[in-house]
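For reference, the structure discussed in these notes is given below.
In this note's numbering, the protein residues as written are 17 to 146.
Structure representation (structure tokens):
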């Protein structure tokens with residue numbers, strides 16, 4: 017996203033958030049920078065970052081030339097699809113863990129409905145990959 021406002025727009029429209037707190041903070045800083053101006057300067061992001069982990073991630077991203085110089089929309093959307101699938105798989109594991117812990121029939125039914133919906137969505141990702 018550092019290299020392209022278009023990448024930021026794709027991120028916002030197709031994903032919008034990340035589960036990892038440090039990654040989320042970096043992403044939101046980049047989104048905010050592009051909201052204010054047409055380019056994103058790493059130095060300004062580093063100055064604005066308050067946490068060392070965020071600064072380190074920004075440094076890591078900015079030092080990887082392939083991440084900076086080669087925006088490819090197809091690669092980005094593929095990465096977003098894989099990330100969404102991983103997030104759904106994680107959610108499915110959480111639901112399965114809750115199902116083992118609860119005994120309330122109504123709660124079980126609600127969780128089973130959520131699990132079935134997630135499984136349908138995950139099968140769609142598998143179909144896309146084939």
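All C-beta atoms in this analysis are idealised placements derived from N, C-alpha and C, irrespective of residue type, glycine included.
Annotation: the region 73–143 contains the following complete segments of the alpha helix (DSSP H) (minimum length 4 residues), in chain order: 81–85 and 89–117.
Residues of the same chain with their beta carbon placed closer than 6 Å to that of residue 120 are lacking, with the five preceding and five following residues left out of the count. Secondary structure at residue 65: coil, using DSSP grouped into helix, strand and coil. Residue 25 carries a helical assignment under DSSP once its states are collapsed to helix, strand and coil. Nearest in C-alpha terms to residue 132, of all of 117, 109 and 118, is 109. Less than 8 Å divides the Cβ of residue 115 from the Cβ of residue 127. If you draw a straight line from the Cα of residue 102 to the Cα of residue 95, it is about 11 Å long. Counting C-beta atoms within 10 angstroms of its own C-beta, residue 124 has fewer than 16 neighbours from the protein chains shown and is therefore classed as exposed. Inter-residue distance for residue 134 and residue 97 is about 14 Å (C-alpha atoms, whole angstroms).
When 22, 35 and 36 are compared, the shortest CA-CA separation from residue 51 is found for 22. Fewer than three Cβ pairs drawn from the region 87–94 and the region 59–68 lie within less than 8 Å of each other, which leaves the two stretches out of contact. Of 140, 104, 53 and 46, the smallest CA-CA separation from residue 77 is found for 46. Here the alpha carbons of residue 136 and residue 56 stand approximately 39 Å from one another.
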